[in-house]
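Counting from 27, one number per residue, gives the positions in the sequence shown under the working numbering.
Even for Gly, the Cβ is constructed at its ideal location relative to N, Cα and C.
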Amino acid sequence: MSKRSSGTSCNGSQGHDDPRTHSSARTARHESHRRRAGCAGAAGRELWSLGEIGFRIDSILADGSLALRNRGGFFPSLFEAQPALIHGDRGDIPGIFLPRDSGLTRRTPPPLRVSVGATTRAGAESLGVAIGQTITMPKQYVRLAGTRATGRSFDDRMGCAALILALRRLDRAKLKHPVIFVFSVREEIGLEGAAAVARQLGTTVRRVHAIDTFVSADSPLELPNFAVAPLGAGAVARALDNSSITPPAYVDSLAQIARARNIALQIGTTNGGNDGSTFTPYGVVDVAMGWPLRYSHSPAEVIDLRDLVSLADLIRAVAEDW
């Protein structure tokens, strides 16, 4: 799992989530990355997002602290009193997400700020801090007992890992039509990468399979009446969320493909949206698939590696059999 942990350890908040920024290559602002396989015919599409939640520096205050803007949907309070990384032009700059005043009792927390240790605006700027830079949190992939692991930004790096595993084992001779694998960007700030691909290729695609986190109620304090998908029980057919509904016949077809290959599959409904919804205005059916995640968009997300294997097997089966 060294490649899996390496991908999780890379930082890239929304808008700066191109993996090629860790090499010498450059990318266009809204570009998504595609890999095509197969023969002639109507195309199917597998779609993953690359970025992670984070912040953008809106201003540098007189006391040297940094005012932030969220990049993605999450609770900023989860970042309080945690280490921070400012992604500067000359490398990462360490900092800390400042905790709120312990005497504060109002219900609405104050705006989250970051300190790099400077006491003046000029002091922060001398370290390389600038408006517009992005901020994330240092993270580490940690194995837990059994097949569990914890870390940050599994959403949707685990989907990307499943894509890579499926591509490695894909039998192209079995493909009945072109299958296009897409790594999209800027998902958390408006599905922008997927929307760009949909505008370009939406009318040529028959189905789209958005591969994304299934935010699961599999945690101690959640009610077991919605978004139930236990960790370790396999990939999830994301039948309904806030952005799309998969027709029941397509959910049934997906389940049949999984059964034929003895792939563990759960069927569930959850909140949130997925990249595939950008294709539905073009008449494309969105058959979203995913994997259950506990404590989504937090510093301590939890996964089960059995679900990664199940999802990779399902992606391959869909490409070869459907």
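State the DSSP-derived secondary structure class of PRO102, mapped to helix, strand or coil. helix
Less than 6 Å separating the Cβ of SER85 from some heavy atom of the ligand SAM? Ligands in the displayed structure: none, and consequently the ligand SAM is not present.
Beta-bridge partners of HIS113, as assigned by DSSP: ASP118, THR160
Completely contained beta strand (DSSP E) runs for the region 200-287, where each covers 3 or more residues: 205-210, 231-241, 261-266
Let me know if PRO318 comes out buried or exposed under the rule of 16 or more other beta-carbons within 10 Å of its beta-carbon. buried
Simplified DSSP state of THR173, which is helix, strand or coil: coil
Identify the continuous alpha helix (DSSP H) that holds GLY90 and give its terminal residues. That residue, GLY90, is in no alpha helix (DSSP H); it is neither H nor E in DSSP.
Confirm, please, whether the CB-CB distance from THR304 to LEU217 is below 7 Å. yes
How many Å lie between LEU227 and ALA107 at the Cα? 44 Å
Of the listed residues LEU94, ARG147, VAL313, nearest to ILE161 (C-alpha basis): LEU94
Measure the CB-CB distance between ALA150 and GLY90 and report whether it falls below 7 Å. yes
Looking at C-alpha atoms only, which residue of ILE329, SER128, LYS165, SER242 is the closest neighbour of ALA253? SER242
Relative to the C-alpha of ILE206, which candidate in ALA281, ILE215, VAL234 has its C-alpha closest? VAL234
Thinking just about the alpha-carbon of each residue, which of THR239, LEU191, ASP339 is nearest to the one in VAL328? THR239
Below 7 Å between beta carbons: does that hold for GLU346 and ASP197? yes
How about VAL140 and LEU92: do their beta carbons lie closer than 7 Å? yes
Return yes when the Cβ of GLY294 is within less than 7 Å of the Cβ of SER269, no when it is not. no
Between TYR321 and THR229, is the Cβ-Cβ spacing less than 7 Å? no
In chain order, what residues of the same chain have a beta carbon less than 6 Å from the beta carbon of ARG82, not counting five sequence neighbours either side? ARG95, ARG97, THR160
Taking the alpha carbon of THR173 as the point to measure from, which residue in SER336, ALA343, ARG342 has its own alpha carbon closest? SER336
With a CB to CB cut of under 7 Å and the five nearest residues on each side skipped, what residues in its chain are close to ARG178? MET163, LYS165, PRO325, GLU327
Have a look at ILE157, GLY121, ASP244, ALA220 and flag the residue whose alpha-carbon is nearest the alpha-carbon of THR296. ASP244
Scan the region 290-336 and note each continuous beta strand (DSSP E) run of 3 residues or more that stays entirely inside, going in chain order. 291-295, 315-319, 327-330
Determine the closest residue to ASP84 out of VAL155, ALA110, HIS203, ARG332, with distance taken between C-alpha atoms. VAL155
Do you know how far the Cα of ALA281 is from the Cα of ASP118? 45 Å
Report the three-state DSSP secondary structure of VAL168 (helix, strand or coil). strand
Out of curiosity, what's the CA-to-CA distance linking ASN288 and THR306? 30 Å
Here's the rule: buried if 16 or more other CB atoms are within 10 angstroms of the residue's CB, otherwise exposed. What is GLY99? exposed
Looking at C-alpha atoms only, which residue of ALA265, LEU87, GLY114 is the closest neighbour of LEU153? GLY114
Going straight from the alpha carbon of TRP348 to that of ALA192, what length do you get? 15 Å
Have a look at ARG52 and ILE157 and give me their C-alpha separation to the nearest angstrom. Its pLDDT being 30, under 50, ARG52 is placed unreliably by the model, and the measurement read from it follows with that caveat. One C-alpha to the other measures close to 22 Å.
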